[in-house]
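If you read the sequence shown in our numbering, its first letter stands for residue 1, the second for the next number, and so on.
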Amino acid sequence: MAMVIVFGSLNIDLLMKVKEQPQIGETILTPTYKWTTGGKGANQAIACSRFGAKTAMVGKVGDDGFGTRILNALKRDDVLASGVVRDDKEPTGMAFVTVDSKGDNQIVVASGANRLTTSDQMPNEILHSDNVALMQMEVNYSENWDVIHRSKAVGAKTILNLAPSGAVPREVLDDLDYLIVNQIEGRQMAEKMGLEIEESAIALASRLATEAQLTCVMTMGPLGCVAMKPDGSGWRVQAMKVPDEEFGDTVGAGDTFCGVFAACIFKKMSLQETLRHASVAASLACRGVGAQTSMPTHDEVIEYLEEIPAAEAI
Ligand code: RIB
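What follows is the structure, given as structure tokens:
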């Protein structure tokens with residue numbers, strides 16, 4: 001069956017609102033906290049499924065109550081979760097998320113069972129040329145690389161969201177169709193590749209696209225995003241303005257972008273329309289608190305699509 005396969009992390013997020021992020025050595029108080037299901041992999045799978053693409057998740061949780069809640073959340077959102085294995089050697093991954101009064105966040109992830117995720121959890125039988133494989137960087141890199149090689153070998157489309165940033169070997173880049181980074185991750189990648197660090201997002205994305213011979217998508221928060229192809233052509237899309245009174249936080253906005261991007265590629269939409277839908281979805285995800293809790297459905301994205309103009313050619 002053709003589908004988007006998300007290979008990656010699943011966490012429980014502990015969300016705490018703080019006035020300002022703590023300094024080194026400082027203890028700060030906040031009245032309460034919320035916990036939600038999260039993890040870049042699971043978030044992206046849920047965003048993708050809410051956008052109407054058949055989606056499967058492959059990863060690991062611990063053999064604990066948190067793992068059960070994560071599996072239930074995936075099922076509630078119609079994500080096929082048979083590829084999520086429970087492992088009793090490590091607890092379910094846990095993320096400590098602090099959101100300050102400007103809505104900016106800092107996250108520490110204790111990987112737990114995510115560290116034990118292996119590429120052989122993804123059997124060859126589910127690899128298919130019509131599939132899209134979507135990865136992030138919260139599981140062991142070598143397992144990601146194996147999934148990318150095997151997916152590419154059957155002709156599937158491959159997408160890597162380089163979050164958090166890490167070095168990607170040349171032969172892995174050769175098998176990637178799309179690389180999604182924010183500006184910080186893009187700069188770090190260029191540094192690791194020994195490239196000149198371009199100031200503008202377009203120049204940086206273009207440099208990475210040419211060097212790695214793939215389509216580089218760079219997200220820029222409230223400034224929208226660009227996608228550059230190896231031949232130097234590309235598209236720019238604005239972000240939708242979120243009214244102050246509706247703004248919650250940016251947690252999971254990047255994941256929403258990636259999940260909807262993968263869903264649009266799966267649906268064979270053009271790159272410019274893919275960017276526009278992903279950008280609107282990411283803005284809508286800033287309206288509530290937490291990641292999965294505020295991700296939009298397909299119909300909501302369509303309802304707000306006209307809020308931003310069509311993609312502009314670069
Ligand atoms: O991108 C947001 C996610 O990063 C959170 O859900 C947290 O679990 C971390 O993986």
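The C-beta atom is built at its ideal place from N, Cα and C for all residues, glycine as well.
**Report entry** residue 15 to residue 247 span [Cα, whole Å]
**Finding:** Straight through space, the alpha carbons of residue 247 and residue 15 are spaced by roughly 16 Å.
Query - In chain order, each beta strand (DSSP E) run of at least 3 residues that lies wholly inside the region 146-215 - result: Counting only runs of 3 or more, we get 157-161 and 178-182.
Requested in this report: On a CA-only basis, which of 308, 298 and 290 is nearest residue 100? Give me that one, please.
Outcome: 290
Query raised in the report: Looking at the unbroken beta strand (DSSP E) that takes in residue 265, where does it start and where does it end?
Result: Counted as a single uninterrupted DSSP element, the stretch harbouring residue 265 is not any beta strand (DSSP E) but the alpha helix (DSSP H) occupying residues 253-266.
Requested in this report: Pick helix, strand or coil for residue 2, following the three-state DSSP scheme.
Outcome: coil
Query raised in the report: Around the ligand RIB, which residues pass a check of Cβ closer than 6 Å to any of its heavy atoms?
Result: 9, 11, 13, 38, 39, 40, 43, 95, 107, 109, 138, 251, 252, 254, 255 and 291
**Report entry** Neighbourhood of residue 293 by C-beta, 7 Å cutoff - its chain only, sequence neighbours within 5 removed
**Finding:** 36
Query raised in the report: Quick one: any contact between the region 21-33 and the region 167-176, if contact means 3 or more CB pairs under 8 Å?
Result: The way I'd put it, the region 21-33 doesn't touch the region 167-176; fewer than three beta-carbon pairs between them come closer than 8 Å.
Requested in this report: Could you check how far apart the C-beta atoms of residue 243 and residue 209 are, in whole angstroms? I think they sit under 8 Å.
Outcome: Rounded, the Cβ-Cβ distance is 34 Å, inconsistent with contact.
Query raised in the report: If we call anything under 7 Å between Cβ atoms a contact, is residue 96 one with residue 79?
Result: no
**Report entry** Residue interval of the alpha helix (DSSP H) (run including residue 284)
**Finding:** 271-284
Query raised in the report: So residue 7 packs on residue 59, CB below 8 Å; how close in whole Å?
Result: With 8 Å as the limit, residue 7 and residue 59 qualify as a contact, their Cβ atoms being about 7 Å apart.
Report task. Decide if residue 1 is buried, meaning its Cβ has at least 16 other Cβ atoms within 10 Å, or exposed. Result -> exposed
Requested in this report: Compute the beta-carbon to beta-carbon distance between residue 279 and residue 224, rounded to the nearest angstrom, for a pair I have assumed lies under 8 Å.
Outcome: A Cβ-Cβ distance of about 6 Å is found for the pair residue 279 and residue 224, placing them in contact under the 8 Å criterion.
Report task. Assuming residue 136 and residue 163 form a contact by the criterion Cβ under 8 Å, report the distance between their Cβ atoms to the nearest whole angstrom. Result -> 6 Å
Query raised in the report: Which one or two residues does DSSP pair with residue 218 in a beta bridge?
Result: Secondary-structure assignment with DSSP links residue 218 through a beta bridge to 181 and 226.
Report task. Pull up the distance between the alpha-carbon of residue 132 and that of residue 21, whole angstroms please. Result -> If you draw a straight line from the Cα of residue 132 to the Cα of residue 21, it is about 37 Å long.
Requested in this report: Taking residue 43 as part of the alpha helix (DSSP H), name the residues at either end of that continuous run.
Outcome: 40-50
Query raised in the report: Going straight from the alpha carbon of residue 187 to that of residue 197, what length do you get?
Result: 6 Å
Query raised in the report: How would you call residue 232, buried or exposed, if buried means at least 16 neighbouring beta carbons within 10 angstroms?
Result: exposed
Report task. Check whether the Cβ atoms of residue 207 and residue 237 sit closer than 7 Å, and answer yes or no. Result -> no
Query raised in the report: In angstroms, rounded to a whole number, what distance separates the CA positions of residue 322 and residue 165?
Result: With the chain covering only 1 through 314, there is no way to say anything about residue 322.
Requested in this report: Starting from residue 299, follow the beta strand (DSSP E) in both directions and report where the run begins and ends.
Outcome: Careful: residue 299 lies outside any beta strand (DSSP E), inside the alpha helix (DSSP H) at 298-304.
Query raised in the report: Between the C-alpha atoms of residue 269 and residue 260, what's the straight-line distance to the nearest angstrom?
Result: 11 Å
Query raised in the report: For residue 256, which of 240, 285 and 272 has the nearest alpha-carbon?
Result: Minimum Cα distance to residue 256 is reached at 285.
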